[in-house]
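Notes to accompany the following structure.
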Amino acid sequence: MSNLINKMDQIVSELNKAVYNAEEVAMRQLLAKFTRRIFNEGKATNGIQIGNYSTRTVVKFQEGDYKALNKLAQRRTKQSVNKKIPYIELRRKSGRQVAYVDLQFTDRLFNSVVVDYMNGSWTLGFNNLERAKIARENEIRFKKTIFQPSDEEIAEAKRAAIQYIGIQMQNLFNTW
56 MSNLINKMDQ
66 IVSELNKAVY
76 NAEEVAMRQL
86 LAKFTRRIFN
96 EGKATNGIQI
106 GNYSTRTVVK
116 FQEGDYKALN
126 KLAQRRTKQS
136 VNKKIPYIEL
146 RRKSGRQVAY
156 VDLQFTDRLF
166 NSVVVDYMNG
176 SWTLGFNNLE
186 RAKIARENEI
196 RFKKTIFQPS
206 DEEIAEAKRA
216 AIQYIGIQMQ
226 NLFNTW
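Here it is in structure tokens:
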């Protein structure tokens, strides 16, 4: 009888670990779907395109501004130093797509969206307040909710967690 109790205690302990790990699995799945939607597909939470790049939005770049750009962008935009050019042209010259807004010129905003363990649970959020502010400003500019997970993304994350727990339970019972 004590062997059965010990085995049951072991199972409970392993299931608790699986539930803890499943939360992280779910959040990492959410991060993948969330960032793909925003930064690759250029879609808001509701699945509609964030917007289109305007040919009228003008930016002025000076030599010091190039620190924020990748090397490719630096090489391709040198002629733009101290000139005002449409943002869409800056994106074109640096090899970025211009068919729709994807909120990714440098990787700084993309890399600031992270999964982290805080206050006893896994969370999805920004690791940089300046980038969080930029994200919010883009939501205001485009009049769309962008940086909130969609119902579909949340459902996929839940499925990933359930699948992970199922695999872990099967593994436990296979060893019994």
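In this note's numbering, the protein residues as written are 56 to 231. Glycine residues also receive a C-beta, built at the ideal position from the N, C-alpha and C atoms.
Answer yes or no: do V168 and G97 have a C-beta to C-beta separation smaller than 8 Å?
No, the Cβ-Cβ distance between V168 and G97 is not below 8 Å.
Assuming I209 and L85 form a contact by the criterion Cβ under 8 Å, report the distance between their Cβ atoms to the nearest whole angstrom.
About 7 Å separates the two Cβ atoms, so the contact holds.
Straight-line CA distance for N76 to F94?
Cα to Cα, the separation comes out at about 27 Å.
Beta-carbon within less than 6 Å of I220's beta-carbon, same chain only, minus the 5 sequence neighbours each way: which residues are those?
Here the set comprises A73 and A77.
Could you give the DSSP three-state label for I140: helix, strand or coil?
Looking at I140 - three-state DSSP - the assignment turns out to be strand.
On the premise that T100 lies in contact with I201, defined as a C-beta separation below 8 Å, what is that separation, rounded to the nearest angstrom?
About 6 Å; that satisfies the 8 Å criterion.
Could you tell me which of M63, S109 and A154 sits nearest to P141, measuring between CA atoms?
With distances taken between Cα atoms, P141 lies closest to S109.
Is the distance from the Cβ of L70 to the Cβ of M173 below 8 Å?
For L70 and M173, no; Cβs fall outside 8 Å.
Would you decide whether L145 is buried or exposed? Buried here means 16 or more other CB atoms lie within 10 Å of its CB.
Buried is the call here.
Using only the alpha-carbon positions, how far apart do K62 and A216 sit?
Straight-line Cα distance between these residues: approximately 24 Å.
Does the Cβ-Cβ distance between V170 and L179 come in under 8 Å?
Yes, the Cβ-Cβ distance between V170 and L179 is below 8 Å.
Name, in chain order, the residues that DSSP records as bridge partners for V170.
According to DSSP, which records beta bridges pairwise, V170 is partnered with L179.
Please return the same chain residues whose Cβ sits closer than 6 Å to the Cβ of S42, not counting the five positions on each side in sequence.
The chain is shown from 56 up to 231; residue 42 falls before or after that span and cannot be answered.
Short of 6 Å in beta carbon distance, which residues of its chain neighbour R186, apart from the five on each side in sequence? Order them along the chain.
Same-chain partners within the cutoff: L164 and S167.
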